[in-house]
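Report on the following structure.
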Amino acid sequence: MEFSTSTWVILTILVTAIISIAFKVLNDRSKKNTFIILGLSDSGKTSLFIKLRYGEQVQTHTSMKENEGYIKLEDDGDPLTKVPIHFVDVPGHEKLRFRFSDFIPITRGIIFIIDSSTCVKNVRSIAEYLYDIFSNKDVIKHHIPTLIACNKSDMITALPPERIQTILENELNQLRNTRTSALDHQDTSITDNVEFLGYENEIFKFEHLENEIRIEKCSVDKNEFKGIKTWVAEVYEGR
Ligand SMILES: Nc1nc2c(ncn2[C@@H]2O[C@H](COP(=O)(O)OP(=O)(O)OP(=O)(O)O)[C@@H](O)[C@H]2O)c(=O)[nH]1
Ligand SMILES: [Mg+2]
609 MEFSTSTWVI
619 LTILVTAIIS
629 IAFKVLNDRS
639 KKNTFIILGL
649 SDSGKTSLFI
659 KLRYGEQVQT
669 HTSMKENEGY
679 IKLEDDGDPL
689 TKVPIHFVDV
699 PGHEKLRFRF
709 SDFIPITRGI
719 IFIIDSSTCV
729 KNVRSIAEYL
739 YDIFSNKDVI
749 KHHIPTLIAC
759 NKSDMITALP
769 PERIQTILEN
779 ELNQLRNTRT
789 SALDHQDTSI
799 TDNVEFLGYE
809 NEIFKFEHLE
819 NEIRIEKCSV
829 DKNEFKGIKT
839 WVAEVYEGR
């Protein structure tokens with residue numbers, strides 16, 4: 609079978625386009641290898657980071673800067689991933705937490721920690737933080753998956769994850785109403801990096817987001833956080 613010159617030109621353009629797209633996808637993917645640990649102050653982020661890294665508990669204090677490092681994920685001595693994973697623990701202090709967005713360009717997954725025993729009292733702050741994360745354009749564009757880890761499940765006052773999910777969805781729904789009506793009166797340069805969350809005219813649900821959201825309970829204190837490690841391994845290995 610003979611090809612005409614124009615067929616060859618089209619084929620060459622197509623092959624070049626496919627190769628450059630594949631190269632870009634692989635390149636983007638290899639840069640996004642970090643898991644960031646976010647959440648309000650006192651939720652247990654540094655406790656988790658230290659337990660993952662050293663396997664033991666230490667007395668923590670409110671963090672004023674990020675902790676970061678490569679960690680070998682293991683379950684009872686068995687490696688969960690082929691290579692160590694890069695984690696960043698971002699302080700929850702109100703004046704520092706906005707720095708999470710600096711790490712989004714290298715983020716493969718987000719672990720958002722909640723203190724299940726105080727989440728009703730802190731629901732507005734938790735929802736505000738989650739809103740900022742979920743409406744971040746890069747989080748949306750790259751469909752960055754998020755694990756909401758309901759920590760301190762050992763506390764008698766801890767709520768179950770199903771209950772926390774409903775409380776958060778309701779609060780995010782209210783917050784969306786407030787924020788979107790405020791946006792109507794603002795300059796577009798301020799609102800450029802903010803997207804509408806979920807579906808218009810429907811009560812907000814996590815399942816409406818394009819990025820996958822999982823909610824699980826854990827207790828870093830009692831070493832019950834295998835779910836976090838396996839989630840990270842699954843996301844990292846693309847399973
Ligand atoms: N009961 C209980 N306490 C926990 C658990 N995980 C962490 N804590 C305690 O919660 C407190 C705060 O933990 P940190 O890890 O310092 O909290 P953080 O999220 O890093 O806080 P910032 O650095 O201020 O953002 C510490 O006293 C921990 O011992 C848990 O699973 N159960
Ligand atoms: Mg800390």
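Residue numbering for the sequence shown follows the numbering used here, beginning at 609 and increasing consecutively.
Yeah, the Cβ is synthetic: ideal placement off N, Cα and C, and Gly gets one too.
Please read all numbers here as calculations on a predicted model, not as lab measurements.
So is the beta-carbon of residue 726 under 6 Å away from any non-hydrogen atom of ligand 2? The sequence position of residue 726 within the sequence shown is 118, counting from 1. False, no ligand heavy atom lies under 6 Å from that Cβ.
Can you tell me the Cα-Cα spacing of residue 687 and residue 836, whole angstroms? By one-based count along the sequence shown, residue 687 stands at place 79. By one-based count along the sequence shown, residue 836 stands at place 228. So the alpha carbons of these two residues sit roughly 14 Å apart.
Smallest Cα separation from residue 694: which of 710, 709, 716, 683? Position 86 of the sequence shown, counted from the first residue, corresponds to residue 694. Minimum Cα distance to residue 694 is reached at 716.
Taking just the CA atoms, how far does residue 718 sit from residue 848? Because the chain spans 609 through 847 in this model, residue 848 falls outside it and cannot be assessed.
What separation, rounded to the nearest whole angstrom, lies between the Cα atoms of residue 737 and residue 784? Counting from 1 along the sequence shown, the entry for residue 737 is found at position 129. Counting from 1 along the sequence shown, the entry for residue 784 is found at position 176. Looking at the two C-alpha atoms, the distance is approximately 12 Å.
Suppose the cutoff is 7 Å on Cβ atoms and the five residues either side in sequence are ignored; what does the same chain contact list for residue 680 look like? Within the sequence shown, numbered from 1, the residue matching residue 680 stands at position 72. Within the same chain, residue 680 has close Cβ partners 687, 692.
Quick check on residue 723: buried or exposed, where buried means 16 or more other Cβ atoms within 10 Å of its Cβ? Indexing the sequence shown from 1 puts residue 723 at position 115. That one is buried.
Just the Cα atoms here: how many angstroms apart are residue 589 and residue 615? For the chain, the structure presents residues 609 to 847; residue 589 sits outside this window and is missing.
What separation, rounded to the nearest whole angstrom, lies between the Cα atoms of residue 839 and residue 730? Working through the sequence shown from its first residue, we reach residue 839 at position 231. Working through the sequence shown from its first residue, we reach residue 730 at position 122. Taking the straight line joining both Cα atoms gives about 26 Å.
Counted within 10 angstroms of its Cβ, other Cβ atoms place residue 698 as buried (16 or more) or exposed: Mapped onto the sequence shown, residue 698 falls at position 90. So residue 698 ends up on the buried side.
Check whether the Cβ atoms of residue 700 and residue 755 sit closer than 7 Å, and answer yes or no. On the sequence shown, position 92 is the one that residue 700 refers to. On the sequence shown, position 147 is the one that residue 755 refers to. No.
Should residue 683 be listed as close to ligand 1, given that the test is whether its C-beta is under 6 Å from any heavy atom? For the purposes of this step, residue 683 is taken as the residue at position 75 of the sequence shown. No - ligand 1 has no heavy atom lying nearer than 6 Å to the Cβ of residue 683.
Since residue 824 and residue 769 are thought to touch, with beta carbons under 8 Å apart, how far apart are those beta carbons, to the nearest angstrom? Within the sequence shown, numbered from 1, the residue matching residue 824 stands at position 216. Within the sequence shown, numbered from 1, the residue matching residue 769 stands at position 161. Between residue 769 and residue 824 the Cβ distance is about 6 Å, and since that is below 8 Å, they are a contact.
Tell me which residues share the same chain as residue 661 and place their Cβ nearer than 7 Å to its Cβ, disregarding the 5 neighbours each side in the sequence. Along the sequence shown, one-based indexing puts residue 661 at 53. Contacts found: 677, 679.
Is residue 671 close to ligand 2? I mean its beta-carbon at under 6 Å from any heavy atom of the ligand. Here residue 671 is taken as the residue at index 63 of the sequence shown, counted from 1. Yes, Cβ of residue 671 sits closer than 6 Å to a heavy atom of ligand 2.
Under the criterion of a Cβ to heavy atom distance below 6 Å, does residue 651 qualify as lining ligand 1? To locate residue 651, count along the sequence shown from 1; it is residue 43. Result yes, Cβ under 6 Å from ligand 1.
Quick one: grab the DSSP three-state call for residue 744. The residue you call residue 744 lines up with position 136 of the sequence shown. Three-state result, residue 744: strand.
For residue 734 and residue 705, the rounded distance between their alpha carbons: Working through the sequence shown from its first residue, we reach residue 705 at position 97. Working through the sequence shown from its first residue, we reach residue 734 at position 126. Going from the Cα of residue 705 to the Cα of residue 734 covers about 12 Å.
Report the rounded CA-to-CA distance for residue 798 versus residue 820, giving the unit in angstroms. Looking up residue 798 in the sequence shown gives position 190. Looking up residue 820 in the sequence shown gives position 212. For residue 798, the pLDDT reaches just 49, beneath the cut-off of 50, and the residue's location in the model is therefore unreliable, leaving the point undetermined.
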